[in-house]
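Letter by letter, the sequence shown follows residues 1 to 164 of UniProt numbering.
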Amino acid sequence: MSILRLRSAVAPLSFKRYASTISVQSTRSNSSGAVLGNIEASWKGLSAESQYEVYQQLEQIQKKDWKELTVDEKKAAYFVAFGPHGPRQPTLEKGHGITVFLGVAACVGAAYGTLLYARSQAPPPPKTMTKEYQEQMTEYARSQNMNPISGVSSEGYKGKGYVQ
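See below:
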């Protein structure tokens, strides 16, 4: 929960009310006009207390007729209500996609390198996996009439036999 919402929820519960140092006048004659004029740049640099004061000031200013508000006041009100700060702050920074892509590419490369290393250290395949041995097994199955219904010994067999 943002500090602004927390304070506005707790404010009715407090018994003491202190005088605010923020005036409710329009920023045309207010000294905080510089703050409201560039609120996007200065919002992160403000303390939580100052942010809350600006929030309260804008809340009072918005109760007036919107035609009387300056462009800076309207922009500041919009930024405080909907700007990319607090819970709406982007979680990913610019350039994050490139970092993720490079990280994934490095992981895939490391996995492929590990696979190549494991294959280079593995013993050769057994002699029963060679093509010549598989062809000999197919010939032996035919000579022994193995699986005469659907196997290599059946009539019209069109498969490869045991050769893969």
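All C-beta atoms, glycine included, are put in the ideal place defined by N, C-alpha and C.
For clarity, every value in this text was computed on a predicted model and none was experimentally measured.
Cβ distance (whole Å) where Val-80 is taken to contact Ile-39 below 8 Å: Sequence index remark: in the sequence shown, residue 80 carries index 80 (1-based). Sequence index remark: in the sequence shown, residue 39 carries index 39 (1-based). Between Ile-39 and Val-80 the Cβ distance is about 7 Å, and since that is below 8 Å, they are a contact.
Please name the residue, chosen from Leu-115, Lys-74, Glu-49, Trp-66, that lies closest to Leu-36 on a Cα-to-Cα basis. For the purposes of this step, residue 36 is identified with residue 36 of the sequence shown, where counting begins at 1. Comparing Cα positions, the closest option is Lys-74.
Go through the region 43-101 residue by residue and report every complete run of the alpha helix (DSSP H) that reaches 4 residues or more, in order. 48-61, 71-82
With a Cβ-Cβ cutoff of 9 Å, do Leu-92 and Ala-77 count as a contact? Locating residue 92 in the sequence shown gives position 92, counting from the first residue. Locating residue 77 in the sequence shown gives position 77, counting from the first residue. Contact flag unset, no.
Roughly how many angstroms separate the alpha carbons of Arg-28 and Val-108, rounded to a whole number? Your numbering for residue 28 matches position 28 in the sequence shown. Your numbering for residue 108 matches position 108 in the sequence shown. Its pLDDT being 47, under 50, Arg-28 is placed unreliably in this model, and the value from its coordinates should be taken loosely. Their backbone Cα atoms lie some 60 Å apart in a straight line.
Taking the straight line between their C-alpha atoms, what separation do you get for Gly-159 and Tyr-112? Start at 1 with the first residue of the sequence shown, and residue 159 comes out as number 159. Start at 1 with the first residue of the sequence shown, and residue 112 comes out as number 112. Cα to Cα, the separation comes out at about 35 Å.
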